[in-house]
Amino acid sequence: MSSTHPRLHAVVVPLPAQGHVNPLFHFAKLLAARGFFITFINTEWSEQRIFRPPNDAKKVCRRLQQRGMHFRFLSLPDRLPADHPRLLIIHEFFYVMHNLGPAMTRLLQSTADDVLPITCIVADCLFACTHEVATALAIPRVVFWTFCTSAAIALAFVHLIYVGVIAVSWAPALAPGCTVGQPSDPFQKLVSGGCDNTAKVWKFYHGSWNLVCFPPLQMHTDWVRDVAWASNLGLSKSTLARCSQDGAVVIWTQGKEGDKWVGTVRNDFKTPVWRVSWSLTGNILAVADGNNNVTL
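Quick note on the numbering used here: the sequence shown kicks off at 1337 and runs consecutively.
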């Protein structure tokens, strides 16, 4: 890591939302380790949730500096009431985010004498007003893609939404039963769930995605909210889970490629089930339901 005094200054601006702050903070640390001074801007609402006693912003800055990384944290009000649910009313949230440009520009101008001249702005791809800030300050703006892999897949295959696909999950890259270091031909498979109350298994071959389970996996009476394919490392079968608006969680297993999928209803939560997620070993399933409970 860089132990010299920084000569470059990057202003890093994440959208104040789950899944956006952490990726940009990790990237900011990479920049700081390579000689950048970092100004990290949050909204006041977001900062109150990031820095909680005893880890306030000053203590975090001191710890980072001990590791050769120079940071400062600034915040500005988002002008929403304290009890506003933010992203739960998404059109109001993005309206105020898109109008924070002038306030952000004034914040950086008012603190300019304290630090190095700004080299560039590194901004969340959804924080459009940072273009206005970069223009006002006459500095370059770099757009950072904060989305996870699943979101990137959804955007790449946006046409699937129009035919009812809601959730996708990749299959393990190796065939069931394979162990670490054992030769196996990798392949691409995924499972999708949608508003037709079914799940479908797809495999990529001959240059296109093809449906490989007939008929589609059923057993739900309402649309499928989420699907999750379990790890099969060392296991002789494929296993996937799916949950539904009808409150049920169904586990599907297949012995080997081409065998029939067999489904079992594991639980009826009596409320819509939102997410299912397997542990890394594929033997524990976490289920999040509409009552804000997580069940293993």
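Just so it is clear, CB atoms sit at the ideal spot from N, CA and C, and this is done for glycine as well.
The model shown is predicted, which means the values in this text are computed figures rather than measured ones.
Contact between I1374 and V1348 is confirmed by a C-beta separation of about 6 Å, below the 8 Å threshold. Between L1344 and G1371, the C-beta gap is smaller than 8 Å, which places the two residues in contact. Taking a cut-off of 8 Å for Cβ pairs, the segment 1387-1406 and the segment 1423-1440 do not touch, as fewer than three such pairs fall below it. DSSP places R1561 within a strand segment (E or B) once states are collapsed to three. Residue pairing of V1548 in beta bridges, as defined by DSSP: absent, with no partner found.
A distance below 8 Å separates the beta carbons of D1604 and A1584. Pairwise C-beta distances place the segment 1598-1613 in contact with the segment 1561-1573, as three or more of them are shorter than 8 Å.
The Cβ atoms of I1377 and L1351 do not sit closer than 8 Å to each other.
N1568 has no beta-bridge partner at all, per DSSP. W1538 places its beta carbon 8 Å or farther from that of L1553. For the pair D1460 and L1360, the CB atoms are nearer than the 8 Å cut-off. In summary, V1560 is buried, with 16 or more beta-carbon neighbours lying within 10 Å of its beta-carbon over all protein chains present.
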